[in-house]
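Structure, as structure tokens:
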Amino acid sequence: MKPVLFATLLATVAAPALAEPSAAEIDTFVAAVEQIGCIVQTDAQASAIEAATGFNDAKLAEIVAVLLADGRAVVPASAEGLRLTTEACT
């Protein structure tokens, strides 16, 4: 999940009709992001999430969309990347 890919993921949040990821898939993603410090802003962090989850780009976009919509993630003030707002990340 390189920067261009991650930007694409964030851009797809506004796209309608994304498939709904399962709770287990969301939990896997959240655990992976929490493991690296709750924020994804660099190539290395994005690659670590991609490797840890094994999810393809479409699945990652679905998960990011749900987390943003539910308030469990935000785009940092820098407008780069993703920061979780889960209990473990506050």
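Using mature numbering (1 follows the signal peptide of the UniProt record, and there is no 0), the letters of the sequence shown map in sequence onto residues -19 to -1, 1 to 71.
Heads up, the beta-carbon is just placed ideally off N, CA and C, and yes, glycines get one too.
No residue range can be given for S59, since it is assigned to no alpha helix (DSSP H) and is classified by DSSP as neither H nor E.
DSSP places Q16 inside the alpha helix (DSSP H), whose first and last residues are 4 to 16. Counting along the chain, Q26 sits inside the alpha helix (DSSP H) bounded by residues 24 to 34.
Taken atom to atom, the span from the alpha-carbon of T71 to that of V11 is near 13 Å. Here A39 carries a helix assignment [DSSP, helix/strand/coil]. Listed as beta-bridge partners of L49 by DSSP are no residues whatsoever. Using a Cβ distance threshold of 8 Å, E15 and T67 count as a contacting pair. Among the bridge pairs identified by DSSP, I20 is matched with R64.
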